[in-house]
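For the sequence shown, our numbering assigns the number 989 to the initial residue and increments by one for each residue that follows. Using N, Cα and C, we set each Cβ at its ideal position, and we do this for glycine too. Data first, discussion second: the structure below is written as structure tokens.
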Amino acid sequence: MFFNRAEAGLAVGLLFVVESNAEYVSNSDVGFVFLMQFFARYLRFIRVNLVRIITYNTKEEKDMQEYLVLLKVNPASLADTIEAIRKMAQKPVAGVDLQYSINIFGRWDAGLWIKADENSQTSQLVQKIRKELNGVTDIYPIPTFPHGTADST
989 MFFNRAEAGL
999 AVGLLFVVES
1009 NAEYVSNSDV
1019 GFVFLMQFFA
1029 RYLRFIRVNL
1039 VRIITYNTKE
1049 EKDMQEYLVL
1059 LKVNPASLAD
1069 TIEAIRKMAQ
1079 KPVAGVDLQY
1089 SINIFGRWDA
1099 GLWIKADENS
1109 QTSQLVQKIR
1119 KELNGVTDIY
1129 PIPTFPHGTA
1139 DST
């Protein structure tokens, strides 16, 4: 689960509002009060963990270059190769995080959306794909950058 900063701020803000309002419930209904206190504790837990996730993802987003890796697959082994792509490890090479595997219709048959610490690690992934996925006939890694940003990553 990845959030941009605006979504993350909104989520944490909403959790804080609900949590703080749960503390002001009257004591007239003991069951309701217990439920609201439980809910408040649960929301605190979610908020703490959500902040950890957001902090971790924001740090990674700054440090890692994103790539779209296009794959051409031999039609005779298409089903087996696509299945092998789907079963690839989350970190197929040190310093590379596999974000998505993509089915593509047209000139290319499949794709991978990855994040890599360095360009050399993307090259290592390309070599690994060539060795381990026999049905892949062509690989085309494309470095990407966030839309609307003048800074290159």
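- Buried is the label assigned to residue 1099, since at least 16 other Cβ atoms lie within 10 Å of its Cβ.
- Around the Cβ of residue 1077, a 10 Å sphere holds fewer than 16 other Cβ atoms; the residue is exposed.
- Non-local beta-carbon contacts of residue 1097 in its own chain, meaning distances under 7 Å to residues more than five positions away in sequence, involve 1059, 1060, 1061 and 1066 in chain order.
- C-alpha of residue 1134 to C-alpha of residue 1119: approximately 31 Å in a straight line.
- Note that the C-beta distance between residue 1073 and residue 1113 is not below 8 Å.
- Shown here for residue 1109: same chain residues with a beta carbon closer than 8 Å to its own, the five before and five after excluded, namely 1081, 1082, 1083 and 1084 in chain order.
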